[in-house]
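Heads up: the structure comes next, in C-alpha cells.
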Amino acid sequence: MAELIYYCGTMDSGKSTLALQTAHNHQSRGRGGLIFTSHDRAGSGVISSRLGLQSPAIEVIPGFDIHKLVVDKLSMGERIDYIICDEAQFYEPDQIDGLARIVDGLGIDVYAFGILADFRTKLFPGSARLVELADRVNTLQVEALCWCGSRATHNARTVNGKMVTEGEQVVVGDVGKSDEVAYEVLCRRHHMRRVTARASRAGHISSDPLPFGEK
C-alpha cells in the first residue's frame, strides 16, 4: 500500500540531499513522479542541496491545490508513481491533507522532507499536520552539529549576527551566511542561552533568564 512518509531534521541535516537522492533512485528504475518544494534558498521552482545538487521542482505557494494538480495530470495520461515534497514545513495544513488524499485515494507514495520546529522552537503548521497524518515519521540519521560539537537539535535565527527569538516564522536565509538574516543550528543548551558560534568566539555568554517557558 502507498504511504505518506515524513523525513525530518534540523537545518544542515541533509534533507534536500535525501529528497534528491530519493527522486534519483525512483527515476533510475523508470518510475515517473513529481517533485515539489517551497521557499528553497536557491529560489522559486528548484530544490537545492548544500552539496551542490539541484533539480527543477514545482513551487508550492499558499492556496496551491497539489491534489488537483495530480488528478489533472493523471487524467491526461501522465504516469505518477511517487511524489517528493521538499521544504514541507512551509506547506499549509490543507495542502498536507491533500498529500494524504493522494496516498489513500490515488495509491501514490508521498515522501515529504522538512524541519519540525522554527527558530522559536514552535512547530511549523505543515510539520505539525504531517506528524498527525503521516504513516511514518523518520528522523534523519545525519546529525547536524552545534558549534560546541554536540548534536544540534534546534534552529536559530540571527539578525546582524545576533540571535533572535521573535519575528515572522518564515524568513528565507541560509546556514553560515553573513547576510542580515541567517540561520545556525545549535544544541538545546546553547539555543536556550542564545549562545551562537559568533557569541562564543566573542566570549559573550548570556546571563539573561532562559527565554522559553515564560508566559
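Each residue of the sequence shown is one higher than the last, beginning at 9 in the working numbering.
Note that beta-carbon positions come from the ideal geometry of N, C-alpha and C, so glycine has one too.
Measure the CB-CB distance between residue i and residue j and report whether it falls below 8 Å.
i	j	result
Ser46	Glu95	yes
Leu42	Ile104	no
Ala233	Thr204	Nothing about residue 233 can be reported from this structure: the residues present for the chain run from 9 to 223 only.
Tyr90	Ile116	yes
Ala31	Ile92	yes
Thr173	Cys16	no
Under the rule that 16 or more other beta-carbon atoms within 10 Å means buried, what is residue i, buried or exposed?
i	result
Asp126	buried
Ile110	buried
Asp20	buried
Lys130	exposed
Asp73	exposed
Asp216	Note that Asp216 scores 48 on pLDDT, short of 50, meaning its location in the model is unreliable; the coordinates nonetheless yield the value given after this. That one is exposed.
Gly106	buried
Thr25	buried
Glu188	exposed
Leu194	buried
Cys241	Since the first residue of the chain shown is 9 and the last is 223, residue 241 is not available in this structure.
Ala210	exposed
Where residue i and residue j are concerned, what is the direct C-alpha to C-alpha distance, given to the nearest angstrom?
i	j	result
Tyr99	Leu12	15 Å
His199	Pro133	21 Å
Ser158	Lys81	46 Å
Lys223	Ile123	Unreliable placement is indicated for Lys223, whose pLDDT of 39 sits below 50; no coordinate value is reported for it.
Cys154	Glu176	24 Å
Starting from the Cα of residue i, find the closest Cα among the options and give me that residue.
i	options	result
Ala160	Thr18, Val178, Ala108 and Ala10	Thr18
Ala142	Pro101, Cys154 and Leu59	Pro101
Phe121	Gln97, Glu176 and Arg144	Gln97
Ala27	Ala136, Leu61 and Glu140	Leu61
Val79	Gly113, Val150, Glu192 and Tyr14	Gly113
Point to revise | Within the stretch 72–104, ranges of the alpha helix (DSSP H) (whole runs, at least 4 residues) | key: 74–83
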